[in-house]
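Asker: Okay, so the sequence shown: first residue is 93 according to this note's numbering, each after it adds one. In this text, a Cβ means the ideal position worked out from N, Cα and C, and glycines have one as well.
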Amino acid sequence: MRRRGPIKRLTRRIRLAIYHWRFGPGFNYHGIPIAIPEEIPFGIKKQLMQGRYEEPERRLIERFVDPKQPMVELGGSLGVLSAYIGRKLAPETPYLVVEANPRIIEACTANARAGRGPDGRLTVMNCALAYGASEVSFPVGDNVHVNRLSGARPDLQKTASVPAHTLAEFRRALDERPGSFTLVMDIEGSEFDVFANDREVLESCALAIVEAHPYLFVERGKTLEDFLDLVHGAGFHTLARDGNTFAFQRT
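In structure tokens:
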């Protein structure tokens with residue numbers, strides 16, 4: 093049993109070495125070169141190597157996003173999906189990426205810019221989405237896909253404090269001119285807060301692509317059905333579903 097750890101690590105190093113020998117020093121995400129920090133867990137790199145990374149979101153983005161519609165993305169993470177979005181949008185389209193974790197904001201920015209190109213409009217903010225607070229502190233771990241503002245494991249010792257804003261404030265940071273926009277969200281359960289608290293700005297949201305987190309809704313005493321009722325009550329209908337990722341269109 094003691095030998096399995098070293099053998100597993102060696103196997104992972106070999107798999108990464110073979111991949112980089114074939115494709116170069118970084119990772120390739122649908123034709124876009126992506127840089128992933130060495131300390132990021134192997135599971136995320138494996139998804140990239142196998143072409144499985146955030147595929148439900150990517151597929152819905154490919155199907156429904158209007159390249160000329162201003163875009164707010166909440167939860168940019170490592171910027172992999174941001175790179176894909178940035179390539180799809182027209183260069184003159186305003187694009188705002190929000191990521192709360194300061195440990196990965198550099199990677200998020202670099203990857204988002206790699207997809208956007210030197211001439212594309214892009215703003216990346218190291219902030220969190222929250223209501224009723226100007227700053228939030230939250231635990232951060234090595235697995236960037238489970239870092240979240242509430243309900244996280246208390247045994248994680250590393251914490252981050254970042255400015256907090258509402259969706260309405262992020263929308264103004266995107267472009268002060270009024271008008272419709274597209275929203276992409278993967279924010280570990282806080283999507284519930286957006287539809288509960290920011291209905292006025294959502295009236296200008298033409299399309300929302302949201303990864304829902306039903307297992308986190310349980311902590312609120314809610315269900316996925318409760319979330320969908322909230323979304324539909326805010327004036328959207330479900331355009332498409334891919335797993336637990338949804339495309340909502342304003343009715």
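For Val310, count the other beta carbons within 10 Å of its own beta carbon; 16 or more makes it buried, fewer makes it exposed. Which is it?
Answerer: When all chains shown are included, Val310 counts as exposed.
Asker: Please report the residue range of the alpha helix (DSSP H) in which Thr201 lies.
Answerer: Element bounds for Thr201: 197-208.
Asker: List the DSSP bridge partners of Leu275.
Answerer: Looking at the DSSP assignment, Leu275 forms a beta bridge with Val164, Ala300.
Asker: Below 8 Å, can you find three or more Cβ-Cβ pairs linking the segment 259-279 to the segment 129-143?
Answerer: With a cut-off of 8 Å, the segment 129-143 and the segment 259-279 do not count as touching, because too few Cβ pairs lie within range.
Asker: Under the assumption that Thr258 contacts Tyr223 (Cβ atoms under 8 Å), give the Cβ distance between them as a whole number of angstroms.
Answerer: Contact holds; Cβ gap of about 6 Å.
Asker: Around the Cβ of Pro98, are there at least 16 other Cβ atoms within 10 angstroms (buried) or fewer (exposed)?
Answerer: Under this definition Pro98 is an exposed residue.
Asker: Looking only at its chain, what residues have a beta carbon closer than 6 Å to the beta carbon of Arg245, apart from the 5 residues adjacent to it on each side?
Answerer: Bear in mind that the predicted position of Arg245 carries a pLDDT of just 45, short of 50, making it unreliable; the figure below should be weighed with that in mind. Answer for Arg245: no residue qualifies.
Asker: Along the chain, where does the alpha helix (DSSP H) containing Glu260 start, and where does it finish?
Answerer: In the sequence on display, residue 260 carries Ala and not Glu. Taken as a continuous stretch (DSSP letters only), the alpha helix (DSSP H) holding Ala260 covers 259-266.
Asker: Tell me whether the segment 211-222 and the segment 150-157 touch, counting them as touching only if at least three CB pairs, one residue from each stretch, are closer than 8 Å.
Answerer: Contact between the segment 211-222 and the segment 150-157 is absent, because fewer than three Cβ pairs lie under 8 Å.
Asker: Going by beta carbon distance, what residues of the same chain come within less than 6 Å of Asn289, once the five residues before and after it are set aside?
Answerer: Counting only Cβ-Cβ distances below 6 Å, and skipping sequence neighbours, we find Tyr223.
Asker: Of the choices Pro270, Glu295, Val172, Thr337, whose alpha-carbon is the least far from that of Glu303?
Answerer: That would be Thr337, whose Cα lies nearest to the Cα of Glu303.
Asker: Using 8 Å as the Cβ pair cut-off and three pairs as the minimum, do the segment 267-286 and the segment 195-209 touch?
Answerer: Cβ pair count under 8 Å is below three, so no.
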